[in-house]
Amino acid sequence: MAFASYIRENPFIKAFAKTYTQSMATIFMLHRVFPVIYPRLTPNEDLKISPDYLIQVIELLSKRGYTFISVDELYEALTSSRKYKKLIVFTLDDGYKDNLTHALPVFESFNIPFIVYITNCFPDQTANLWWYTLEEIVQTNTSVHLSNDLQFACYTPEEKWETFTKIRELILENKIDCKELDPFSQFTSIQTLCMNWEEVQQLSKHPLVTIGAHTLNHPVLKNLSMTEATYEISASRDALEGAIHKKIDHFAYPFGEFQQAGHREFSLVQELGFKTAVTTRSGHIFPQHQHHLTALPRIYLYENGLKLDELMFNNVFWSNKFKQVVTI
Numbered sequence: 119m120a121f122a123s124y125i126r127e128n129p130f131i132k133a134f135a136k137t138y139t140q141s142m143a144t145i146f147m148l149h150r151v152f153p154v155i156y157p158r159l160t161p162n163e164d165l166k167i168s169p170d171y172l173i174q175v176i177e178l179l180s181k182r183g184y185t186f187i188s189v190d191e192l193y194e195a196l197t198s199s200r201k202y203k204k205l206i207v208f209t210l211d212d213g214y215k216d217n218l219t220h221a222l223p224v225f226e227s228f229n230i231p232f233i234v235y236i237t238n239c240f241p242d243q244t245a246n247l248w249w250y251t252l253e254e255i256v257q258t259n260t261s262v263h264l265s266n267d268l269q270f271a272c273y274t275p276e277e278k279w280e281t282f283t284k285i286r287e288l289i290l291e292n293k294i295d296c297k298e299l300d301p302f303s304q305f306t307s308i309q310t311l312c313m314n315w316e317e318v319q320q321l322s323k324h325p326l327v328t329i330g331a332h333t334l335n336h337p338v339l340k341n342l343s344m345t346e347a348t349y350e351i352s353a354s355r356d357a358l359e360g361a362i363h364k365k366i367d368h369f370a371y372p373f374g375e376f377q378q379a380g381h382r383e384f385s386l387v388q389e390l391g392f393k394t395a396v397t398t399r400s401g402h403i404f405p406q407h408q409h410h411l412t413a414l415p416r417i418y419l420y421e422n423g424l425k426l427d428e429l430m431f432n433n434v435f436w437s438n439k440f441k442q443v444v445t446i
């Protein structure tokens with residue numbers, strides 16, 4: 119075993135990591151709750167957890183004494199002088215149809231609140247789900263040819279995964295226009311994958327559900343001008359409030375890593391009046407986050423064979439290079 123792996127797996131280090139990362143709250147990030155299908159490409163399948171796995175996670179956390187709260191209750195906890203610990207918030211990004219058909223029944227059975235951050239182009243049925251289109255292209259071809267003479271091999275499963283990852287990064291870095299994939303978009307059924315406005319309204323009426331904003335079109339906000347970013351965020355909120363007739367107080371950044379959302383975006387969301395905003399940075403919630411309410415980290419909950427302790431503690435400890443309070 120390599121020395122680095124030995125250190126990561128050392129039981130004393132794991133115990134220290136668990137203690138060091140104990141916090142007042144953990145926000146779990148999900149996208150889809152739907153039976154996982156193999157063999158598919160990991161990046162897209164990691165958007166899913168199965169209903170059975172979600173039930174297992176909830177039952178385990180319940181046995182360990184965690185309390186499940188809404189994002190509004192988390193805001194109240196962070197802005198109060200009381201001390202809290204072992205709080206859990208469940209968040210789901212984008213607005214996939216299975217949030218209504220599969221996630222809601224699970225949360226309802228345990229009486230657990232959750233928030234769904236809606237990207238308006240999902241219920242508008244105009245979303246460019248290029249990550250699913252890209253997966254189908256890679257899965258059904260032995261090579262991929264794009265502009266600027268870019269060519270990628272897709273013969274083996276390893277090459278398919280590598281090609282998917284490379285092209286995804288190029289799109290996120292704005293080096294390739296995702297519209298290049300449009301001729302193949304017949305692979306992706308928006309009506310099947312995404313909630314429509316009627317379903318968003320139906321979900322919003324449930325007492326356990328909070329609806330949050332997630333921009334109009336799911337762009338990388340750092341790639342936009344301030345005017346464009348402001349419009350993406352504020353117009354998304356305005357349309358959501360008009361559709362569900364409720365105030366929208368919470369926001370999630372699309373592609374919320376450091377390279378995709380930073381100080382400018384955090385300040386903008388605060389200026390626009392949101393109570394909280396969540397990133398995709400890996401981390402737990404500490405009392406210090408009361409000063410960073412629009413830069414709250416989350417733990418990505420995905421079904422990949424890792425034990426819950428690995429996801430919640432060991433992985434966070436190492437990925438943040440021992441930093442306890444994650445903001446940017």
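Be aware that the sequence shown starts at 119, since it is given in our numbering, and climbs by one per residue. C-beta atoms are modelled at their ideal positions from N, C-alpha and C, and glycine is treated no differently.
Does the separation of the CB atoms of A353 and L334 fall below 7 Å? The Cβ atoms of A353 and L334 lie closer than 7 Å to each other.
Minimum C-alpha distance to K293 - residue among P301, K284, D300: K284
What do you reckon, are the CB atoms on E317 and L218 nearer than 7 Å? yes
In angstroms with no decimal places, state the Cα-to-Cα distance between R200 and P405. 10 Å
Contact set for Y202: own chain, Cβ-Cβ below 8 Å, skip 5 residues either direction: M142, A143, A195
Would Q378 be called buried (16 or more neighbouring beta carbons within 10 Å of its own) or exposed? buried
Just mark M147 as buried or exposed, buried being the case when its beta carbon has 16 or more other beta carbons within 10 Å. buried
Pairwise C-alpha distance: L386 and T445: 15 Å
At a cut of 8 Å, does the stretch 245-254 reach the stretch 214-234 through at least three beta carbon pairs? The stretch 245-254, when compared against the stretch 214-234, does not touch it at the 8 Å Cβ threshold.
For V396: DSSP bridge partner residues: A370, L414, per the DSSP bridge assignment.
Where does D211 land, buried or exposed, given buried means 16+ other C-beta within 10 angstroms? buried
Would you report the Cα separation of Y124 and S343, rounded to the nearest angstrom? The predicted position of Y124 is uncertain, since its pLDDT is 47 and thus under 50; no value can be drawn from it.
Helix, strand or coil: which one does DSSP assign to T445? coil
In three-state terms, what does DSSP make of M119? With a pLDDT of 46 at M119, under the threshold of 50, the modelled position of that residue is not reliable, and the figure given next carries that caveat. Looking at M119 - three-state DSSP - the assignment turns out to be coil, as it is neither helix nor strand.
Since I believe I366 is in contact with R355 (beta carbons under 8 Å), could you give me their beta-carbon distance rounded to a whole number of angstroms? 5 Å
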